[in-house]
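Working notes, beginning with the structure itself.
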Amino acid sequence: SISIADQQSIELEQKKDLLFEILRELITNVVNHSKANLCIITLFRDEDEWVLQIEDDGVGLDEKLKSVKAPLNKIGLFQIRTQLALKGGHLDMVPASPSGLIARVRIPVSIRDGAKAN
């Protein structure tokens, strides 16, 4: 399911390509690796940030794959973090309850190219 909690599409326009690329990578990970039966995608505004959240009920993610340094064969998450850092955003991944993973992408409402991540 996909839920857009905020209908401020004009503000989203400048971020749509970045958010689409990140969403595609994270959904590909869910489909290919999570063994999930359910995936919930939510986009909402939290004060001065847009939050894209992808939650699944799958097997979760190995702790070492959550790190900033990516193994040579796991470039997707590293690339997401790099792209977000350039826009002042970041990616958090936490276990879902009772199983699965929540990937939360935060990106400032006003993004600047070359911004440093918090």
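For what it's worth, the working numbering labels the leading residue of the sequence shown as 1, then goes sequentially. Backbone N, C-alpha and C fix where the C-beta goes; we use that ideal spot for every residue, glycine too.
Practice task
Please go through the same chain and pick out, in chain order, the residues whose beta-carbon is closer than 6 Å to the beta-carbon of A103, but skip the five residues on each side of it.
Solution key: Only L26, I54, M93 meet the Cβ criterion.
Practice task
State the start and end residues of the unbroken beta strand (DSSP E) segment that holds E49.
Solution key: In this chain, the beta strand (DSSP E) harbouring E49 covers 49 to 56.
Exercise for the section: Determine the direct distance from the alpha carbon of L86 to that of L43, and round the result to whole angstroms. Expected result: Distance between the alpha carbons of L43 and L86 is about 20 Å.
Exercise for the section: Could you check the C-alpha separation between N32 and E47 for me, to the nearest Å? Expected result: Computed Cα separation, rounded: 33 Å.
Practice task
My understanding is that V18 touches Q83, with C-beta atoms under 8 Å, so please give their C-beta distance in whole angstroms.
Solution key: The question names Val, but residue 18 in the sequence shown is Leu. Right, the Cβ-Cβ distance comes to about 6 Å (below 8 Å), so this counts as a contact.
Exercise for the section: Could you tell me the boundaries of the alpha helix (DSSP H) in which T43 lies? Expected result: Per the sequence shown, residue 43 should be read as Leu rather than Thr. It is not in any alpha helix (DSSP H) - L43 instead sits in the beta strand (DSSP E) that spans 39 to 46.
Exercise for the section: Select from I41, V109, Q14, S99 the residue whose C-alpha is nearest the C-alpha of K35. Expected result: Here the closest residue by C-alpha is S99.
Exercise for the section: Could you tell me the distance, in whole angstroms, from the CA atom of H90 to the CA atom of L23? Expected result: Rounded to whole angstroms, the gap between the alpha carbons of H90 and L23 is 13 Å.
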